[in-house]
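Protein chains in written order, with the numbering used here: chain A, 1 to 291; chain B, 292 to 582.
Ideal Cβ positions, reconstructed from N, Cα and C, are used throughout, including at glycine.
Here the structure is a predicted model, which means the values were calculated and not measured.
Number of protein chains: 2
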Amino acid sequence: MTHNLAFGGSPLDRASARRADPAWLAAQRAQCLALPLWQDRVLMADDKATFLPWRADWDVHLTVFLGLEGSQPLFAVDLPGEQEPVFDGAAFVEMRPAAAILSARDCAIAGQAKAMIDWHHRHGFCANCGAVTSALDGGYRRHCAACSADHFPRTDPVVIMLPLLDDHCLLGRNARFANGLHSAFAGFIEPGETVEDAVARELEEEAGLRIGAVRYHASQPWPFPSSLMIGCHVDALSRDFTVDGAEIAEARWMSRAEARARLAGELDDGVRMPSPIAIAYHLIRDWVEAP
Amino acid sequence: MTHNLAFGGSPLDRASARRADPAWLAAQRAQCLALPLWQDRVLMADDKATFLPWRADWDVHLTVFLGLEGSQPLFAVDLPGEQEPVFDGAAFVEMRPAAAILSARDCAIAGQAKAMIDWHHRHGFCANCGAVTSALDGGYRRHCAACSADHFPRTDPVVIMLPLLDDHCLLGRNARFANGLHSAFAGFIEPGETVEDAVARELEEEAGLRIGAVRYHASQPWPFPSSLMIGCHVDALSRDFTVDGAEIAEARWMSRAEARARLAGELDDGVRMPSPIAIAYHLIRDWVEAP
Numbered sequence: 001m002t003h004n005l006a007f008g009g010s011p012l013d014r015a016s017a018r019r020a021d022p023a024w025l026a027a028q029r030a031q032c033l034a035l036p037l038w039q040d041r042v043l044m045a046d047d048k049a050t051f052l053p054w055r056a057d058w059d060v061h062l063t064v065f066l067g068l069e070g071s072q073p074l075f076a077v078d079l080p081g082e083q084e085p086v087f088d089g090a091a092f093v094e095m096r097p098a099a100a101i102l103s104a105r106d107c108a109i110a111g112q113a114k115a116m117i118d119w120h121h122r123h124g125f126c127a128n129c130g131a132v133t134s135a136l137d138g139g140y141r142r143h144c145a146a147c148s149a150d151h152f153p154r155t156d157p158v159v160i161m162l163p164l165l166d167d168h169c170l171l172g173r174n175a176r177f178a179n180g181l182h183s184a185f186a187g188f189i190e191p192g193e194t195v196e197d198a199v200a201r202e203l204e205e206e207a208g209l210r211i212g213a214v215r216y217h218a219s220q221p222w223p224f225p226s227s228l229m230i231g232c233h234v235d236a237l238s239r240d241f242t243v244d245g246a247e248i249a250e251a252r253w254m255s256r257a258e259a260r261a262r263l264a265g266e267l268d269d270g271v272r273m274p275s276p277i278a279i280a281y282h283l284i285r286d287w288v289e290a291p
Numbered sequence: 292m293t294h295n296l297a298f299g300g301s302p303l304d305r306a307s308a309r310r311a312d313p314a315w316l317a318a319q320r321a322q323c324l325a326l327p328l329w330q331d332r333v334l335m336a337d338d339k340a341t342f343l344p345w346r347a348d349w350d351v352h353l354t355v356f357l358g359l360e361g362s363q364p365l366f367a368v369d370l371p372g373e374q375e376p377v378f379d380g381a382a383f384v385e386m387r388p389a390a391a392i393l394s395a396r397d398c399a400i401a402g403q404a405k406a407m408i409d410w411h412h413r414h415g416f417c418a419n420c421g422a423v424t425s426a427l428d429g430g431y432r433r434h435c436a437a438c439s440a441d442h443f444p445r446t447d448p449v450v451i452m453l454p455l456l457d458d459h460c461l462l463g464r465n466a467r468f469a470n471g472l473h474s475a476f477a478g479f480i481e482p483g484e485t486v487e488d489a490v491a492r493e494l495e496e497e498a499g500l501r502i503g504a505v506r507y508h509a510s511q512p513w514p515f516p517s518s519l520m521i522g523c524h525v526d527a528l529s530r531d532f533t534v535d536g537a538e539i540a541e542a543r544w545m546s547r548a549e550a551r552a553r554l555a556g557e558l559d560d561g562v563r564m565p566s567p568i569a570i571a572y573h574l575i576r577d578w579v580e581a582p
């Protein structure tokens, strides 16, 4: 099943074994096309991600090997500075608006680049001993020379779930969403939890909801900054809920017909639905459209 | 569906909102039962995890709030030192052998304790600036006073998958497994990948296998040190495979009848199957027993 979720489905070969070879990696970079990022924004022109031949003055910048597209190596380069670097006919675009217009291929590659570079920005030091670490393996490892610890890119698994009962789904409005956005419920999986444990805990905490079966639906890498969204449909055991008032400000059961109309933009009363780039949209849409 | 996987299904209420309140937390600890750990081992007596009333001399040690069981607060305490601390009638047991004999409740709680304490051991410094961090929120946050960064327990999502074709499953022998153990294939999910992307990449890398549909089956927290195992059944498109020779030393297609006999211990030829504490065992057993 292909869900066409933004940021997933990259066509690149990550060459995981070969990227650990510095000589191979240097040869790839010499002939690569590189995607420039600046302040977590991606270089775009004409609704496309902009890949450029490697420039010698980029050698000093943070660089990540993205993978091979056929035989063409692709890299990302992080350009520093407070002033936006200037490229003729192109501009740096924030990742969320970019995701809404990029092709699936460009979106997956740009999201990978953003997640990897962002990780390096926030992990320059060894969590085990505090020393400065250095990037290796095309950016997929940071090594601490002081204590020999290796550190790998962090991916935080998050459950995101749509409770279902009697042809209705339950959507919540996060207290941080000011614009009427109603969406699926979500939360980070903690140590010692299965996906199903975390779904039950989060729905109990946020909505006081008792649940039955949990059905995995799809997953999505979400580079804000480093989540793996694990999307589930959930059978609610009762329509009763009590929002926590802290994280979730309000919630409402929505019939399939109402959800369908809202996704189609046919109701204009201040209740907004998730963007198609978010897995929450797909959890709702795929339920609405299910036979 | 309850899979009865080791380390999952904890009965505790983690009280995520309240544990951020230091006064509430102190009151809980005063009346808690605490599970001692030493060098990642759990205190056991009579095949049970040993919970003890709090002792004043533990106040200086690393402590984690595990949750509420009814109204009874449970904590874990990490005892330092090279010499095993002595408790009458009890001993510290490594987590894997412990998991094979503990009840589901004890195993889930001990695994949570081990994962959390192990995370603190390896994350005493700020990855963002290198300063010493301090534990807050009952152990679920480390804060850096120098740069204000907050750090949360790390959970690494891992795909683990059983390829299926024509009533056979494909099992691989990891080059690190010396004792004939054949198991499911597995690997860490990287930034920019969905579960399904990672399954396809790992099977291509490790076994040269082309695949079709990926079906999520179950998940398991695996505290060695901090994985979330995401278990899938996968349709292979061909019986052809080529092991990489590095991570996977050999692989073999196994009929349902053969897999059933091996799980039952009815074949003794040096090929071993995964332990029931591992999700790989459940991926194989649940496929073998499926109608």
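- For M116/A, the chain B residues whose Cβ falls inside 8 Å of its Cβ are P482, G483, in order along the chain.
- Leaving aside the five residues that flank L79/A on each side, the residues in its chain whose CB is nearer than 6 Å to its CB run, in chain order, P36, W38, P85.
- Those residues of the region 486-507 of chain B placed with their C-beta closer than 8 Å to a C-beta in chain A are V486, E487, D488, R492, E496, A504, Y507, ordered along the chain.
- Contacts between H123/A and chain B, judged by CB atoms closer than 8 Å, involve A418, N419 in chain order.
- The region 352-402 of chain B is shown to contain whole alpha helix (DSSP H) runs of 4 or more residues at 386-392, in chain order.
- For A437/B, the closest C-alpha among the options A550/B, I451/B, C420/B is that of C420/B.
- Within chain B, the residues placing a beta-carbon under 7 Å from that of S16/A are E496, ordered along the chain.
- Of all C-beta pairs linking the region 458-475 of chain B to the region 525-544 of chain B, three or more are shorter than 8 Å, placing the two stretches in contact.
- Fewer than three pairs of CB atoms, one per stretch, sit closer than 8 Å, so the region 159-167 of chain A makes no contact with the region 482-494 of chain B.
- Chain B places a beta carbon closer than 8 Å to that of P153/A, counting this residue as a contact.
- According to the DSSP assignment, Q220/A belongs to the beta strand (DSSP E) that extends over 211-222.
- Within the region 225-255 of chain A, the residues whose Cβ lies closer than 8 Å to some Cβ of chain B are S226, L228, I230, D244, A246, listed in chain order.
- Distance from the CA atom of A251/A to the CA atom of H182/A, rounded to whole angstroms, is 8 Å.
- Interface with chain B (8 Å Cβ-Cβ cutoff): V132/A is included.
- Scanning R563/B, G299/B, A311/B for the CA closest to the CA of D428/B turns up A311/B.
- As a beta-bridge residue in DSSP terms, L162/A pairs with H233/A.
- Contact with chain A is found for G402/B, since one of that chain's Cβ atoms lies less than 8 Å from the residue's Cβ.
- Listed in chain order, the non-local C-beta contacts of G499/B below 7 Å within the same chain comprise F532, T533, local neighbours out to five positions each way being set aside.
- About 6 Å separates the beta carbon of S517/B from that of D447/B, a gap short enough to meet the 8 Å contact definition.
- Unbroken beta strand (DSSP E) stretches of 3 residues or longer found wholly inside the region 26-50 of chain A: 33-38, 41-45, given in chain order.
- Nearest in C-alpha terms to W58/A, of all of L66/A, S134/A, R29/A, K48/A, is R29/A.
- No Cβ of chain A is located within less than 8 Å of the beta carbon of L359/B.
- P565/B does not reach chain A, its nearest Cβ partner there being about 18 Å away, counting only Cβ pairs nearer than 8 Å.
- Rounded to the nearest whole angstrom, the C-alpha separation of V505/B and R492/B is 12 Å.
- For G299/B, the closest alpha carbon among the candidates A552/B, P512/B, F378/B is that of P512/B.
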